[in-house]
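Q: First, the structure itself, so that you have it in front of you.
2 protein chains.
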Amino acid sequence: MNTRHDANWDERALLLLGVLMIQSQHGYQINDFIERCGVTTMKKPTAYALLDRLAAAELITVETEQAGNRPPRKVYTITTAGRTLFQQLLTRTLATADTPIAQGDIGLMFLNHLPHEVALQQLQQRLADLDQQLADRAHTHLPPDHGHLGIDLVLEHQQARLQADRDWLAATIARLTNGVEALMTPQR
Amino acid sequence: MNTRHDANWDERALLLLGVLMIQSQHGYQINDFIERCGVTTMKKPTAYALLDRLAAAELITVETEQAGNRPPRKVYTITTAGRTLFQQLLTRTLATADTPIAQGDIGLMFLNHLPHEVALQQLQQRLADLDQQLADRAHTHLPPDHGHLGIDLVLEHQQARLQADRDWLAATIARLTNGVEALMTPQR
DNA sequence: ATCTGTATAGTCAAACATGACTATATCGAG
DNA sequence: CTCGATATAGTCATGTTTGACTATACAGAT
Chain U
1 MNTRHDANWD ERALLLLGVL MIQSQHGYQI NDFIERCGVT TMKKPTAYAL
51 LDRLAAAELI TVETEQAGNR PPRKVYTITT AGRTLFQQLL TRTLATADTP
101 IAQGDIGLMF LNHLPHEVAL QQLQQRLADL DQQLADRAHT HLPPDHGHLG
151 IDLVLEHQQA RLQADRDWLA ATIARLTNGV EALMTPQR
Chain H
189 MNTRHDANWD ERALLLLGVL MIQSQHGYQI NDFIERCGVT TMKKPTAYAL
239 LDRLAAAELI TVETEQAGNR PPRKVYTITT AGRTLFQQLL TRTLATADTP
289 IAQGDIGLMF LNHLPHEVAL QQLQQRLADL DQQLADRAHT HLPPDHGHLG
339 IDLVLEHQQA RLQADRDWLA ATIARLTNGV EALMTPQR
C-alpha cells in the first residue's frame, strides 16, 4: 500500500535491513554499528523509530530476550518480506549516483563578502582540517570484521573523496593567492 | 540567548543571510535562488520557516510591499545584527571541512549480498548515471549573474567531486571484474 | 474571450529527527 | 567494598521538515 517513501527512507531502511541481514541483533548492537561505520548521520532515537516502523510493516520482527538478570533486550530479525525489500532497495541504490552536495560549498559561495586575506586564511585552516581527517583515517575505529569487502570499498571511496577535496582546495588556494584574475582564465 | 544551534542551522542560516547580503529580496526570489544554485536540499516551506525564525531573532526584517495590484510580497532585509552573524558564520564555515558522507555508500557496504554479476551490472548503471551528470553540467541552469566568483568556485568543486567519484567507481568496477582477490592486495 | 503557463506568495497537517534524560548490570582499579 | 567506566536499552518533549495544497495576476497563444 503505502510504499511511497523518499530517498532518505530508502537509504536508512537499507542500512537497518542490511545490518539485520548479517544477523539478528538487539538495539545496542545496531546503533553501535551505525555509529562506527560512518555512512550516515542517523541518530539512535531515529533508528529506534525506524525499527518500529519496519516492524509495523512486518519487514522485521521483534522478540524480547532475557539474558541472566540483565535488562531485557529486544532482538530484531529480518523477515522474508524484509529480505525481498532489501534486495530491491540494494539493487536500486547501487544503480544510481546521488548528486554530491557539499555543505561547505555554501560558505564558498559567499567568499567575496570577506576580505581577501581573511578568506585565504580560513581556507588554509580548512585545508589543515582536511589533512587532519586524511591522517586520522590511518587508524580507523571499525568493527573487527575487517576484510569485509563492502566496508573496505566504503573506506576507499571516502578516502578518494577526501583526497579530491583536498587537491581541489589546495589548487584553489594557490589560484586565489595569485590574485583573482587567474580564475577568469582557467586552463581547463 | 539561545545561540545553541546545530551545524545544519548554521549552514542554512548562512545561505539565507548570504542571499539577503546580495540584496533585499522577497520569498519567491529567495526560493528560486536556493533551488537553482544546488548547494542545499532545503525546501520552500523550510526556508519560509527559517526566515520567520531569523525575523523573530531580529537578524532580518520583513516588510509587506504592494506592487500594482499583484498579490502583496514580503520583502526580507538583513539587519546589522544579521550582518554580524553572517560574518561569523561565514568565517567559521570556511575554516572547517565537513566529513564527506555519501548516501550511496550504504549500498556499497552490502555489495556482497547480491550475485557478483548483478552487482557489477548495477555499478555499470551507476557509472553511466555519473557520466550523465558530468555531461549535463555543460549547460548549467544558473542565475544570469555568472562570472560571480563564489558560484564559479562551487561549480568547480562539484565537478571535481563528480569526477573523483567517477574515477574511483570506474577503477573499482575494473577491479571487481578481475575478481575479488585483487582487492585483497591493493597496489597503493 | 479563453486557455495555458508560470511568476507570485505562501500555509498546514503530519511525519521526522534528536538532545537530553532515565535506568540497571558488570567489571576492573584502588 | 566503592567508584567510575561502560555495556545495556531505550523514551520523550520539542523542534524541524516537507508533500500537498490554495490563490491571484499577467502574458502570449488560439
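Heads up: the sequence lines are chains U and H, in that order.
Numbered according to the working numbering, the first sequence spans residues 1 to 188.
Numbered according to the working numbering, the second sequence spans residues 189 to 376.
All C-beta atoms in this analysis are idealised placements derived from N, C-alpha and C, irrespective of residue type, glycine included.
Mind checking whether phenylalanine 298 of chain H and methionine 21 of chain U have CB atoms under 8 angstroms apart?
A: Sequence index remark: in the second sequence, residue 298 of chain H carries index 110 (1-based). Sequence index remark: in the first sequence, residue 21 of chain U carries index 21 (1-based). Their beta carbons are under 8 angstroms apart, which means phenylalanine 298 of chain H touches methionine 21 of chain U by this criterion.
Q: Within this structure, are the beta carbons of threonine 93 of chain U and aspartate 10 of chain U separated by less than 8 angstroms?
A: Working through the first sequence from its first residue, we reach residue 93 of chain U at position 93. Working through the first sequence from its first residue, we reach residue 10 of chain U at position 10. Taking 8 angstroms as the Cβ cut-off, threonine 93 of chain U and aspartate 10 of chain U qualify as a contacting pair.
Q: Three Cβ pairs or more, each shorter than 8 angstroms: is that satisfied between the stretch 349-361 of chain H and the stretch 156-176 of chain U?
A: Touching, yes.
Q: Residues of chain H with a CB under 7 angstroms from the CB of alanine 119 of chain U: which are they?
A: If you number the first sequence from 1, residue 119 of chain U lands on position 119. Those are Leu282, listed as they occur along chain H.
Q: Rounded to whole angstroms, how far is the Cβ of leucine 85 of chain U from the Cβ of threonine 279 of chain H, which I believe are closer than 8 angstroms?
A: Against the first sequence, residue 85 of chain U aligns to sequence position 85. Against the second sequence, residue 279 of chain H aligns to sequence position 91. With a Cβ gap of about 45 angstroms, leucine 85 of chain U and threonine 279 of chain H do not count as contacting.
Q: Measure from the C-beta of glutamine 103 of chain U to each C-beta in chain H and report whether the shortest distance is under 8 angstroms.
A: Your numbering for residue 103 of chain U matches position 103 in the first sequence. It does: the Cβ of glutamine 103 of chain U has a partner Cβ on chain H nearer than 8 angstroms.
Q: Considering just the uninterrupted stretch of the alpha helix (DSSP H) at threonine 284 of chain H, what are its terminal residues?
A: For this step, residue 284 of chain H is matched to residue 96 along the second sequence. Here threonine 284 of chain H belongs to no alpha helix (DSSP H), and DSSP marks it neither H nor E.
Q: Let me check one thing: in DSSP terms, what residues is glutamate 251 of chain H bridge-paired to?
A: Position 63 of the second sequence, counted from the start, is the residue given in the question as residue 251 of chain H. According to DSSP, glutamate 251 of chain H bridges with H/Val263.
Q: Assuming the contact rule is C-beta atoms closer than 8 angstroms, threonine 61 of chain U and threonine 79 of chain U should be a hit. Round their C-beta distance to whole Å, please.
A: Translated into the one-based positions of the first sequence, residue 61 of chain U becomes position 61. Translated into the one-based positions of the first sequence, residue 79 of chain U becomes position 79. Right, the Cβ-Cβ distance comes to about 6 angstroms (below 8 angstroms), so this counts as a contact.
Q: Just checking: is the beta-carbon of valine 75 of chain U within a distance shorter than 8 angstroms of some beta-carbon in chain H?
A: As a first step, residue 75 of chain U must be located in the first sequence, where it is residue number 75. So, not an interface residue.
Q: Isoleucine 173 of chain U to glutamine 121 of chain U, Cα distance in whole Å?
A: Here residue 173 of chain U corresponds to residue number 173 of the first sequence, with the count starting at 1. Here residue 121 of chain U corresponds to residue number 121 of the first sequence, with the count starting at 1. Distance between the alpha carbons of isoleucine 173 of chain U and glutamine 121 of chain U is about 9 angstroms.
Q: Once DSSP output is grouped into helix, strand and coil, what is the label at glutamine 213 of chain H?
A: Within the second sequence, residue 213 of chain H is the residue found at index 25, counting from 1. Three-state DSSP puts glutamine 213 of chain H in a strand.
Q: Judging by CA-CA distance, which residue of U/Val118, U/Asp131, U/Ile30 and U/Ala102 is the nearest neighbour of threonine 177 of chain U?
A: One-based indexing of the first sequence puts residue 177 of chain U at position 177. It is U/Val118 whose Cα lies nearest to the Cα of threonine 177 of chain U.
Q: Name the chain H residues that come within less than 8 angstroms of aspartate 98 of chain U, Cβ to Cβ?
A: Working through the first sequence from its first residue, we reach residue 98 of chain U at position 98. The contacting residues are Ala290, Gln291 and Gly292.
Q: Could you name the residues of chain H that glycine 107 of chain U contacts, counting a contact when the two beta carbons are closer than 7 angstroms?
A: Looking up residue 107 of chain U in the first sequence gives position 107. Going along chain H in sequence order, the residues near glycine 107 of chain U (Cβ under 7 angstroms) are Leu202, Leu278, Thr281 and Leu282.
Q: How about leucine 205 of chain H and leucine 238 of chain H: are their beta carbons less than 8 angstroms apart?
A: The sequence position of residue 205 of chain H within the second sequence is 17, counting from 1. The sequence position of residue 238 of chain H within the second sequence is 50, counting from 1. For leucine 205 of chain H and leucine 238 of chain H, no; Cβs fall outside 8 angstroms.
Q: Taking Cβ-Cβ distances shorter than 7 angstroms, what residues in chain H pair up with threonine 172 of chain U?
A: As a first step, residue 172 of chain U must be located in the first sequence, where it is residue number 172. Neighbours of threonine 172 of chain U on chain H, chain order: Leu341.
Q: Please state the DSSP three-state secondary structure of threonine 228 of chain H.
A: To locate residue 228 of chain H, count along the second sequence from 1; it is residue 40. Here threonine 228 of chain H sits in coil by DSSP.
Q: Using only alpha-carbon positions, find the residue among U/Asn112, U/Gln159, U/Ser24 and U/Thr77 that is nearest to leucine 130 of chain U.
A: As a working mapping, residue 130 of chain U is identified with position 130 in the first sequence. Ranking the options by Cα distance to leucine 130 of chain U, first place goes to U/Gln159.
Q: Could you name the residues of chain U that aspartate 317 of chain H contacts, counting a contact when the two beta carbons are closer than 8 angstroms?
A: Along the second sequence, one-based indexing puts residue 317 of chain H at 129. By Cβ distance, chain U contributes Ala95, Thr96 and Ala97.
Q: Report the option in U/Ala81, U/Gln103, U/Thr41 and U/Pro45 whose CA atom is closest to the CA atom of alanine 56 of chain U.
A: By one-based count along the first sequence, residue 56 of chain U stands at place 56. Minimum Cα distance to alanine 56 of chain U is reached at U/Ala81.
Q: Name the chain H residues that come within less than 7 angstroms of arginine 206 of chain U, Cβ to Cβ?
A: The requested residue 206 of chain U is not part of the displayed model; chain U covers only 1 to 188.
Q: Assign proline 260 of chain H to buried or exposed, taking buried as 16 or more other Cβ atoms, counted over all protein chains shown, within 10 Å of its Cβ.
A: One-based indexing of the second sequence puts residue 260 of chain H at position 72. By the neighbour-count rule (16 or more Cβ atoms within 10 Å), proline 260 of chain H is not buried but exposed.
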